[in-house]
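A quick write-up on the structure given underneath.
2 protein chains.
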Amino acid sequence: MIRLKARKINVRSGGPDIVILNERIAKREVIKPMDRIRIIARGGSVVAIVNLSPEIPEDEIWLYKEIWEKINVPDGEEVLITIEEKPKAIEYIKKKLEGKELSEEEVFEIVSSINGNTLSEVESMAFVVACYTYGLSIEETYYLTKAIAETGEKLELNVRPIADKHCIGGVPNNRTTMIIVPILAAAGVYIPKTSSRAITTPAGTADTMEVLAPVDLSIEEMKEVVLKTKGCIVWGGGTNLASADDKLIRLRRPLSLDPMGMVLASVMAKKYAVGATHVLIDIPVGKRAKVRSFRDAYELKSRFERLGRMLDMKTEVIITDGSQPIGKGIGPALEARDVLWILTNDERGPFDLREKAESMAGILLEMIGKVERGEGIMLAKEIINSGKAYQKFKEIVEAQGGDPNIKPEDLSIGEYRYDFLSPRNGMIAEIDVRRISKIARYAGAPMDKGAGLYLYKKVGDFVKAGEKILTIFAESESKLDYAIKILEEKEPVEII
Amino acid sequence: MIRLKARKINVRSGGPDIVILNERIAKREVIKPMDRIRIIARGGSVVAIVNLSPEIPEDEIWLYKEIWEKINVPDGEEVLITIEEKPKAIEYIKKKLEGKELSEEEVFEIVSSINGNTLSEVESMAFVVACYTYGLSIEETYYLTKAIAETGEKLELNVRPIADKHCIGGVPNNRTTMIIVPILAAAGVYIPKTSSRAITTPAGTADTMEVLAPVDLSIEEMKEVVLKTKGCIVWGGGTNLASADDKLIRLRRPLSLDPMGMVLASVMAKKYAVGATHVLIDIPVGKRAKVRSFRDAYELKSRFERLGRMLDMKTEVIITDGSQPIGKGIGPALEARDVLWILTNDERGPFDLREKAESMAGILLEMIGKVERGEGIMLAKEIINSGKAYQKFKEIVEAQGGDPNIKPEDLSIGEYRYDFLSPRNGMIAEIDVRRISKIARYAGAPMDKGAGLYLYKKVGDFVKAGEKILTIFAESESKLDYAIKILEEKEPVEII
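Going down the list, the sequences are from chains A and B. When we follow this note's numbering, the leftmost residue of the first sequence carries the number 1, and every step to the right adds one. When we follow this note's numbering, the leftmost residue of the second sequence carries the number 1001, and every step to the right adds one.
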């Protein structure tokens, strides 16, 4: 046990809680870099990971910002340092590394240590790798899901039923959420939906909804919106729901380690954390989508259903066509326009997106028991046709802080445009969704809300030479030029 | 490809090469945190790992100190940024994570990426974990050894034979190196020895040698000493020999992941890097030593011998008694005094240490062919008895920059002393080496060179009530008190 003077430094690790000690003092105390010490101050106590430096005065300890945000230490105050034992989580990670199965308590301890930053990134990575090499049993997956949900914040609505949906992703547009949420809410079903922003695509649901209303809500704000309107469409990253999952995803990314159990837990923890009772999962299959074979899709489907049962959530999984974009606009404003056209029964609303959203909403309505099996899609259609879905959508937009009266024609679409015309007569045989995404990204999406492209033709449509296949929209000439260059590199459609 | 203004920041990651980009720009360019980019400046090009911040101007890129030490970029100069593909090493780590065996090229690529900091710690950790869970074949161990040696600096003496030795460690004192090196060098054999500092023990060979001469030599200085005197005893951490190993050790430590192949490669790479042709490995076995069973010791022995053959180094392994300290002094100066007493044929030189060093030196002399099998120990004894070993030792001390005329009685031993007396008549049945180490550490070793303890009795010796068993030495009264407290907690010897 030693006494040192605390010095606050304005540095943030972004991850673990770090302190810096003088090398000589650390050596005397047999403290090595990456060891853990406990800092006991009058304002509280915290465990931190040690870095060493020869340049720090021997009687000082330097605290990263994360630490002095946690405990109240006036600069220069004397604090007590004790050496902390290795956290239990490390023992359990080693157990998994030896191929043994973990108990519920062990998984919880690991996840809460990762979430609370008492494990370093390197230590946490050992857990990710262990899950990758040995896999996770369905029981471990269940424990992991619960632990991720329970160590983060939770949305406590205290109502039932609560619907939720998730799409495995990788398909441009596919903005079913923005149609399903108002249909369900209009039917009287709670549906507190969190969505992600684009990572590699031209828009995520959160980016698209943001064209119409703020999406960066806290859990309290989200709760208020849902209790008022029954639905919401907010950005998941703005809440602390299932926050451990964000850390696991960050570790998985560099080596693309996606152990199936972690992928399942990642999705279901977010549903569990909002208290969902009925969950519909959409797995699009396509050679450029995230899931590329029906075999993989069925394997995922059966695991999702089993995990759902264990979590006491009614879970259904549909496998859908992921071979081409769903909808016609690609990019935040262009996709929002498609959604508004559908909700306002405008004939320009893309039929494929409308039909997919209606059938998914129908399944959820059936699962919940609002209608008999087979009648859900009729009710969903009726809710859109009658204008009730649009009315509900406007309520949600307003509750989130947006302008409910915004019209499709009010949306600002990029002024710099380029038409890509068919070089010949024929039929669209294939649309390369990766190239479509790349063109829209280079045009400025998702950062430039009005950027992207619009598809006049889909797979199976006939085109004549000189007929428009798509238009690129950009907010600056240079970005338009970039996008055109990408388009000219390789055509994004195959015409036969 | 984008152009940004370089800003040099005075921050060092201590590991990977880091740059910070504006979040918005990164998003537009589809660059995510931990991605790699190449920075092309007029002064050169370098690959770095990306961190993001919303607070950095959109047209700037901030460079950590490691980067502007590598490439010459004036502050504010425009640099070109391109997105770098994932390094090949990541693909190979994933291959190992799938349980497949790696080729020589693949292992080399991984080790050189770890050594060159083109892999992040999290990515490198995945390799360590993969080696732990799947193990390393003897071929992979061989590739790993060579890769560690070849990616670091090497000592190029261009002579043969070159002797080397290694002890698996965990036994207090046991300073055979400081006796073997002068014997071998006096017999005309090159023996460029690098040693470690104490990590958890009261002294490493480097700490002990440092009482007599500087040990923090560069490779060039080390070479000069060896070419002049045939031997040296320097600190391995001061050179860049086998530097990748230091990084691997740092990753292995938090979870105590010691895959046998990595332990073997770690030892042998350092021998390979100094060009050793004849290597003797000492594996002490004892219930408190690093190796605790003869079974493990024999397993290690056979792997060391096999690896040695593959590396074209004649390698012998001896299994020795690790149940109690070898020698009588514990702590840098006290151990150095034992060594000087032995080399000067003083009767106070501890017999067990002398005998162990003589027999190890003898084996090396036999391996090299200086004498027939069975006659090595005689030659070793003769070299000590004649004073040739001491003469050579003084030459080495002088060449390293120490005072060759220092006498055992000149060594400064802690003035604060405490005698631990036997509470009763009996025989020493056991010495707890961990407690002995702890007492010496609390007394101030290895930072206080004169601190430690001296053992008058060893296992098998008879003691009378009131007779001295050991004396603690400290350089301050408070440290002496600490050490006495540890001693009184639990007696470090068992008397029957």
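Just so you know, even glycine gets a beta-carbon here, dropped at the ideal spot from N, CA and C.
Burial state of residue i, where buried means 16 or more other Cβ atoms lie within 10 Å
| i | result |
| --- | --- |
| THR82 (chain A) | exposed |
| THR1200 (chain B) | exposed |
| PHE1351 (chain B) | exposed |
| ASP54 (chain A) | The amino acid occupying residue 54 (chain A) in the given sequence is Pro; Asp does not appear at that position. Result: exposed. |
| LEU1421 (chain B) | exposed |
| ALA1198 (chain B) | buried |
| MET313 (chain A) | buried |
| ARG497 (chain A) | Outside the shown range of chain A (1 to 496) lies residue 497 (chain A), about which nothing can therefore be said. |
| GLY1044 (chain B) | exposed |
| PRO1423 (chain B) | exposed |
| ARG1373 (chain B) | exposed |
| ASN1158 (chain B) | exposed |
| ASP1410 (chain B) | exposed |
| LYS1228 (chain B) | exposed |
| GLU1375 (chain B) | exposed |
| GLY369 (chain A) | exposed |
| GLY76 (chain A) | exposed |
| SER1498 (chain B) | Shown here, chain B extends from 1001 to 1496; a query on residue 1498 (chain B) therefore has no answer. |
CB-CB length for residue i against residue j, believed under 8 angstroms
| i | j | result |
| --- | --- | --- |
| LYS165 (chain A) | ILE148 (chain A) | That pair is no contact at about 19 angstroms. |
| GLU1477 (chain B) | ALA1429 (chain B) | GLU1477 (chain B) to ALA1429 (chain B), Cβ: 33 angstroms. No contact. |
| THR194 (chain A) | MET360 (chain A) | Wrong, their Cβ atoms sit about 17 angstroms apart, outside the cutoff. |
| ALA380 (chain A) | ILE183 (chain A) | 5 angstroms |
| ALA41 (chain A) | VAL73 (chain A) | 4 angstroms |
| ASP1017 (chain B) | VAL1046 (chain B) | 6 angstroms |
| ALA1333 (chain B) | ILE1413 (chain B) | 6 angstroms |
| THR1141 (chain B) | ALA1265 (chain B) | 6 angstroms |
Same chain, Cβ closer than 6 angstroms to residue i, five either side skipped, listed in chain order
| i | result |
| --- | --- |
| CYS167 (chain A) | ASP282 |
| PRO1404 (chain B) | LYS1394, VAL1397, GLU1398 |
| ASN425 (chain A) | LYS464, ALA465 |
| GLU106 (chain A) | TYR92 |
| VAL498 (chain A) | It is not possible to answer for residue 498 (chain A), since the shown part of chain A is limited to 1 through 496. |
| TRP1341 (chain B) | ARG1348, GLY1349, PRO1408 |
| TYR416 (chain A) | ALA474, GLU477, LEU480 |
| VAL1267 (chain B) | HIS1166 |
| LYS449 (chain A) | VAL211, PRO332, ALA333 |
Same chain, Cβ closer than 7 angstroms to residue i, five either side skipped, listed in chain order
| i | result |
| --- | --- |
| SER56 (chain A) | Residue 56 (chain A) is actually Ile in this sequence, not Ser. For ILE56 (chain A), where only same-chain residues beyond five positions count, the Cβ hits under 7 angstroms are ILE20, LEU21, ASN22, TRP62. |
| GLY1169 (chain B) | LYS1290 |
| ASP58 (chain A) | The sequence shown places Glu at residue 58 (chain A), rather than the Asp named in the question. So the list reads ASN22, ARG24, ILE25, once near-sequence residues are dropped. |
| LYS1088 (chain B) | GLU1109 |
| ILE439 (chain A) | LEU453, ILE472, ALA483, ILE486, LEU487, PRO492 |
| PRO1202 (chain B) | PRO1172, ILE1330, GLY1331, SER1437, ALA1440, ARG1441, ALA1445, PRO1446, GLY1452 |
| CYS1232 (chain B) | PRO1192, LYS1193, MET1222, VAL1225, VAL1226, ILE1396, GLN1400 |
| ILE326 (chain A) | VAL171, ASN173, ASN174, ASP352, LEU353, LYS356 |
Contacting residues, own chain, Cβ-Cβ under 8 angstroms from residue i (five flanking each side not counted)
| i | result |
| --- | --- |
| TYR298 (chain A) | ILE319 |
| VAL1111 (chain B) | LEU1144, ALA1147, ILE1148, THR1151, ALA1244 |
| GLU1060 (chain B) | LEU1004, LYS1005, ALA1006, ARG1007, ASN1022 |
| GLU1153 (chain B) | ILE1219, THR1239, ASN1240, LEU1241, SER1243, ALA1273 |
| ILE1496 (chain B) | GLY1426, MET1427, ALA1429 |
| GLU1316 (chain B) | VAL1279, LEU1280, ILE1281, GLU1305, ILE1363, MET1367 |
| GLY1135 (chain B) | PRO1259, MET1260, GLY1261 |
| ARG1303 (chain B) | ILE1138, THR1141, MET1260, LEU1264 |
| query | For the 8 angstroms Cβ check, are there 3 or more pairs between the stretch 1240-1260 of chain B and the stretch 1111-1128 of chain B? | reply | Counting Cβ pairs under 8 angstroms, three or more are found: they touch.
Using a Cβ-Cβ cut-off of less than 7 angstroms, give me the residues of the stretch 240-269 of chain A that come near chain B, in sequence order.
Those would be LEU251, ARG253, PRO254, LEU255, in chain order.
Take every Cβ of the stretch 1376-1390 of chain B, pair it with every Cβ of the stretch 1451-1468 of chain B, and state whether three or more of those distances are shorter than 8 angstroms. no
Practice prompt. Could you list the residues in the stretch 405-436 of chain A with a C-beta less than 7 angstroms from some C-beta on chain B, going in chain order?
Written response: none
What residues in the stretch 1079-1092 of chain B have a beta carbon less than 9 angstroms from any beta carbon of chain A? LYS1086, ILE1090
>> Under 8 angstroms, with one C-beta from each stretch per pair, do the stretch 94-104 of chain A and the stretch 119-132 of chain A reach the 3-pair mark?
In response: In short, these stretches touch, since the Cβ pair count reaches three.
Margin query: At a CB distance below 7 angstroms, what residues from the stretch 460-493 of chain A approach chain B? Give them in sequence order.
Written below: none
ask   = Going along the stretch 23-45 of chain A in order, which residues come within less than 8 angstroms of chain B, judged by CB to CB distance?
value = Those residues of the stretch 23-45 of chain A that come within reach of chain B (Cβ to Cβ, closer than 8 angstroms) are ARG24, LYS27, ARG28, VAL30, LYS32, PRO33, MET34.
Residues within the stretch 141-166 of chain A neighbouring chain B, beta-carbon criterion of under 9 angstroms: Hits within the stretch: zero.
Query raised in the report: What residues from the stretch 120-138 of chain A come within 9 angstroms of chain B, judged by C-beta to C-beta, listed N to C?
Result: SER120, GLU121, VAL122, GLU123, SER124, MET125, ALA126, VAL128, VAL129, ALA130, TYR132, THR133, TYR134
Open item on the list: Please identify, using Cβ separations under 8 angstroms, the residues of the stretch 1342-1375 of chain B that lie next to chain A, in order along the chain.
Closed with: Within the stretch 1342-1375 of chain B, no residue places its CB atom closer than 8 angstroms to a CB of chain A.
**Prompt:** Along the stretch 1199-1222 of chain B, what residues have a CB closer than 8 angstroms to any CB found in chain A?
**Reply:** When C-beta distances to chain A are compared with 8 angstroms, the residues of the stretch 1199-1222 of chain B below that value are ILE1199, THR1200, in chain order.
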